[in-house]
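S.K.: Counting along the sequence shown from 1, when you hit position 248 you're at 248 in the working numbering, and nothing is skipped either side.
Just so you know, even glycine gets a beta-carbon here, dropped at the ideal spot from N, CA and C.
Treat the numbers as computed from the prediction; the structure is a model and nothing was measured.
My questions will all concern the structure given below.
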Amino acid sequence: MDTSLLKSAIPRPVRNKLITGKWFLSRLPYALQYQVSLLQEAPVEIQIELLPAPKQPLIFWTKLENIKLHGSLAYPPHGRLCMGGDWDLTQVYPLPSIFESVPKGTKKWDIHETVRAMFLEGQHYSETPQYELMISAIKQRVSPPPQGCRSIEEVEKYFERLIAAYKSMHRKGYLTQKEQGKSSISEMRLHVTREGKLCLGTGGNHRVRLAELLGVKWVPFLLRGVHPLWVKQLCRTSSLPPHTALSAWLRTEFHSTRP
């Protein structure tokens, strides 16, 4: 069965509630384990490892200029917030300005150069590197399909949506996913490194570039992963448990509503 057809048959408000419900259920096991770890006064490292995601996707606002890093990052296990390892040392790169061209081979160069070609230089999307790569992947039947597109027609619709997103941002400013009738889980996804720096993950690479191009100052984001060493530092400096220390930092550094 084509799951895309099944999804399209479900009204968007219902689909959004199902997505949020799945989010909530996935965090329950870790939420229970985390509470037990607090009661047992487990080592802070264990508490941080079990730190659950919020009950629902929380959206914060940050200045666009604060997002200086990007990378193709994995997510923590469903329901958890922290992910350890050296991902912030080995899989993170400086986020280039949209007003600067980048050479082939640079991280996400195809997306970067495609946005430049379409919206700075006025080229048709069929002349862009991302289009060429997507068409090539479809012809080779690469799995998973690029951006979920399984045919040339779907690729064309994908780029038409990108053009529509640009026009919408130009006219109305940066709208949240919720303001567009979509799930907040689809918001731009950011991670926090061991040094407390914001890093763009796999969701929002076109949006962050369109925002810079159009002079947008503030953007909404979904916190999708935090390095445990950063949470540990917050706990150490605040003498608070992980969830409280992280929450306090988020409230201090970012806005919960549009500035």
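Quick one: is residue 163 buried, meaning 16 or more other Cβ sit within 10 Å of its Cβ, or exposed?
M.R.: Classification of residue 163: exposed, given that the 10 Å Cβ count is below 16.
S.K.: Closest to residue 66 by CA distance: which of 18, 75, 193 is it?
M.R.: Residue 193 is the option with its Cα nearest to residue 66.
S.K.: Quick one: measure Cβ to Cβ for residue 123 and residue 134, integer angstroms, because I've assumed they're closer than 8 Å.
M.R.: Contact flag wrong, Cβ pair sits at about 16 Å.
S.K.: Assign residue 181 to buried or exposed, taking buried as 16 or more other Cβ atoms, counted over all protein chains shown, within 10 Å of its Cβ.
M.R.: Residue 181 should be labelled exposed.
S.K.: Using only the alpha-carbon positions, how far apart do residue 240 and residue 43 sit?
M.R.: When rounded, the distance between both Cα atoms is 13 Å.
S.K.: By how many angstroms is the C-alpha of residue 47 removed from the C-alpha of residue 37?
M.R.: Their backbone Cα atoms lie some 6 Å apart in a straight line.
S.K.: Around the Cβ of residue 98, are there at least 16 other Cβ atoms within 10 angstroms (buried) or fewer (exposed)?
M.R.: Buried: at least 16 other Cβ atoms inside 10 Å.
S.K.: Spatial neighbours of residue 119 within its chain, please: CB distance less than 8 Å, with the 5 preceding and 5 following residues excluded, ordered by chain position.
M.R.: 166, 210, 213.
S.K.: Taking 7 Å as the cut-off, is the C-beta of residue 142 nearer than that to any heavy atom in the ligand HEM?
M.R.: In the structure shown, the ligand HEM is absent, as is every other ligand, since no ligand is present at all.
S.K.: What residue range is occupied by the uninterrupted beta strand (DSSP E) comprising residue 225?
M.R.: Looking at the DSSP string, the run of the beta strand (DSSP E) that includes residue 225 is 218–226.
S.K.: Quick test of the definition: if touching needs 3 or more C-beta pairs under 8 Å, does the region 56–72 touch the region 218–234?
M.R.: They touch, by the three-pair rule.
S.K.: Quick one: what does DSSP say residue 254 is sitting in, helix, strand or coil?
M.R.: Three-state result, residue 254: coil.
S.K.: State yes or no: is the C-beta of residue 226 within less than 8 Å of the C-beta of residue 198?
M.R.: Their beta carbons are not under 8 Å apart, which means residue 226 does not touch residue 198 by this criterion.
S.K.: First and last residue of the alpha helix (DSSP H) that includes residue 15?
M.R.: Counting along the chain, the alpha helix (DSSP H) containing residue 15 begins and ends at 12–39.
S.K.: I'd like to check one pair, residue 204 with residue 188: are the Cβ atoms closer than 8 Å?
M.R.: Yes, the pair counts as a contact, with Cβ atoms nearer than the cut-off.
S.K.: So is residue 76 buried or exposed if we call it buried at 16+ other beta carbons inside 10 Å?
M.R.: Burial call: buried.
S.K.: Would you mind listing the beta strand (DSSP E) stretches within the region 66–120 that are 3+ residues and don't spill past its ends, in chain order?
M.R.: DSSP runs (the beta strand (DSSP E)) wholly in the region 66–120: 67–70.
S.K.: Under 8 Å, do residue 53 and residue 27 count as touching if we go by C-beta distance?
M.R.: The answer is yes: Cβ separation under 8 Å.
S.K.: Kindly give me the distance between the Cβ atoms of residue 138 and residue 155, rounded to whole angstroms, as I take these residues to be in contact under 8 Å.
M.R.: Indeed, because the Cβ distance is near 7 Å, the residues count as touching under 8 Å.
S.K.: Taking the CB atoms as reference points, tell me whether residue 71 and residue 104 lie closer together than 8 Å.
M.R.: No, these two residues do not count as a Cβ contact at 8 Å.
S.K.: Can you check the region 163–237 for any beta strand (DSSP E) of at least 3 residues that lies completely inside it and give the ranges in chain order?
M.R.: Complete beta strand (DSSP E) runs here, min 3: 189–192, 198–200, 218–226.
S.K.: List the DSSP bridge partners of residue 159.
M.R.: Its beta-bridge partners do not exist; DSSP assigns none.
S.K.: Rounded to the nearest angstrom, what separates residue 102 and residue 85 at their Cα positions?
M.R.: Spanning the two alpha carbons is a distance of roughly 28 Å.
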